[in-house]
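Residue numbers (my numbering): 2 to 169.
From the three backbone atoms N, C-alpha and C, an ideal C-beta is built for every residue, glycine too.
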């Protein structure tokens with residue numbers, strides 16, 4: 002008797018690369034055109050986008066409007082017991098950024114104050130247009146809500162996150 006493998010989509014490379022591309026594609030620049038995505042922000046935004054209940058709590062702490070969460074997003078393992086390793090361990094995001102860079106989808110610039118700032122190039126933006134269906138549609142909605150924190154600096158966002166963590 003052969004057993005079926007238990008697949009965990011959150012560990013799938015292409016799934017995670019797609020989420021990262023959506024974050025970078027939508028949040029790399031403010032409405033005024035300023036590049037804002039450092040590796041710290043990308044990592045924090047990835048963490049929040051993949052945990053919508055936690056994202057809503059952070060938005061509340063920041064005094065921003067929350068969004069409606071579907072019932073299926075409330076009762077997940079990450080909602081009940083969020084894995085905080087992804088918030089502090091850069092390995093996953095770094096590997097994804099390297100892979101997307103090798104594929105020729107990302108460009109980086111250097112700013113003395115902020116460090117490296119990432120955004121999608123034309124090739125990455127053209128691929129991004131395909132991420133509109135299925136779970137990516139839902140992720141796009143989360144990213145739209147996350148955009149309310151786009152202009153906040155990393156330390157301010159961390160303050161909101163720490164406040165939510167202390168509340169439990």
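| Item | Value |
| --- | --- |
| Straight-line Cα distance separating residue 86 from residue 28 | 23 Å |
| Three or more C-beta pairs below 8 Å linking the region 128 to 141 and the region 54 to 61 | no |
| Alpha helix (DSSP H) segments (min. 4 residues) lying fully within the region 39 to 72 | 40 to 50 and 53 to 62 |
| Start and end residues, alpha helix (DSSP H) containing residue 102 | 92 to 103 |
| Exposure label - residue 127; buried when at least 16 CB within 10 Å | exposed |
| Through-space distance from residue 52 to residue 113, alpha-carbon basis | 32 Å |
| Proximity winner among 167, 115, 64 and 139, relative to residue 73 (alpha-carbon distances) | 139 |
| Exposure of residue 157, with buried meaning 16 or more beta-carbon neighbours within 10 Å | exposed |
| Cβ pair residue 97, residue 21 closer than 8 Å | yes |
| Cutoff 8 Å; reference residue 118; Cβ partners in own chain excluding five residues on either side | 29, 36, 37, 38, 39, 109, 110, 111 and 112 |
| Of the residues 31, 125, 75 and 143, the one placed nearest residue 103, counting alpha carbons only | 125 |
| Those runs of the alpha helix (DSSP H) which lie wholly inside the region 113 to 163 and span at least 4 residues | 123 to 129 and 136 to 147 |
| Where residue 31 falls, given that 16 or more other Cβ within 10 Å makes a residue buried | exposed |
| Burial state of residue 26, where buried means 16 or more other Cβ atoms lie within 10 Å | buried |
| Sub-8 Å separation of residue 165 and residue 93 beta-carbons | no |
| Limits of the alpha helix (DSSP H) - the one that residue 35 falls within | Unbroken run through residue 35: none, as it is neither H nor E. |
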